[in-house]
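Residue numbers (this note's numbering): 1 to 208.
Structure (structure tokens):
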């Protein structure tokens, strides 16, 4: 039986009329949202892993976040950052700068702990010292001292830091009674190096 193109389109249109309407997306991508928890972020990462691995496009890291590539809309060099000195000198921003510097120092401490004991559990330190909501708030408060062009670069570094911390927490997970293999130790060291680089790169903008 032959159908003309007009008949096919008419049938398709009728079928589409009975298809359920899709709900509009309500996902927020703002860095300044305060509703995302550590668990939410871990669930997002787990979903991506199940779907086929972490995507560098969805979660750019400090090394390949894309802030140093593309058509020149983001500040490429911390020395080119434009900073509002009055905002930077304000009490909230100075407090945030101190906190972020403290996070970077803690990463160094965790690296030393892992170096001394390859079986050390960094989970309690990560959860206690790197509260997800506070970390993001501190990063964003410090970020407020930069102009819009500079923030296009630092926003991506912030996303990289949050991703790196989440990946470190996942890499640290180990079953009770099962020793951490050399491969897993090397993976954790790599995650710590990546996280430290991300913090250091971000702090360069505040100290430019």
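Each residue gets a CB set at the ideal place from its N, CA and C atoms; glycine is no exception.
Notebook entry, point to check: Mapping DSSP to helix, strand and coil, what is residue 82?
Noted result: In this structure, residue 82 counts as coil in the three-state DSSP scheme.
Next item on the list: Pick helix, strand or coil for residue 132, following the three-state DSSP scheme.
Entry: Residue 132: helix per DSSP, three-state reduction.
Item checked: Through-space distance from residue 191 to residue 172, alpha-carbon basis -> Taking the CA atoms as reference points, residue 172 sits about 10 Å from residue 191.
Margin query: The alpha helix (DSSP H) that contains residue 104, what's its start and end?
Written below: Per DSSP, residue 104 belongs to the alpha helix (DSSP H) from 91-116.
Notebook entry, point to check: Just how far apart, CA to CA, sit residue 112 and residue 150?
Noted result: Rounded to whole angstroms, residue 112 to residue 150 spans 33 Å at the Cα level.
Next item on the list: Under 8 Å Cβ to Cβ from residue 199, same chain only, skipping five residues before and after it: list those, please.
Entry: Result list for residue 199: 100, 103, 104, 107 and 161, in chain order.
Note to self: For residue 231 and residue 138, I'd like the C-alpha separation in whole angstroms.
What the structure shows: Coverage of the chain is limited to positions 1 through 208, which leaves residue 231 absent and any answer about it impossible.
Notebook entry, point to check: Nearest to residue 155 by alpha carbon, out of 170, 167, 136 and 166?
Noted result: Out of 170, 167, 136 and 166, 136 has the C-alpha closest to the C-alpha of residue 155.
Item checked: Residue interval of the alpha helix (DSSP H) (run including residue 178) -> Going by DSSP, residue 178 is part of no alpha helix (DSSP H) at all; its letter is neither H nor E.
Next item on the list: Would you tell me roughly how many angstroms separate the C-alpha atoms of residue 179 and residue 119, rounded to the nearest one?
Entry: Distance between the alpha carbons of residue 179 and residue 119 is about 7 Å.
Next item on the list: For the alpha helix (DSSP H) containing residue 122, list its first residue and its last residue.
Entry: For residue 122, there is no enclosing alpha helix (DSSP H), since its DSSP letter is neither H nor E.
Check: Is the shortest distance between the beta-carbon of residue 85 and the beta-carbons of chain C less than 8 Å?
Finding: Protein chain content of the structure displayed is limited to a single chain, and chain C is not contained in it.
Checklist line | Spatially closest choice to residue 169 from 80, 123 and 86, by CA coordinates | finding: Of 80, 123 and 86, the smallest CA-CA separation from residue 169 is found for 123.
Next item on the list: Tell me whether the beta-carbon of residue 205 lies closer than 8 Å to the beta-carbon of residue 92.
Entry: By the CB criterion at 8 Å, residue 205 and residue 92 fall outside the cutoff.
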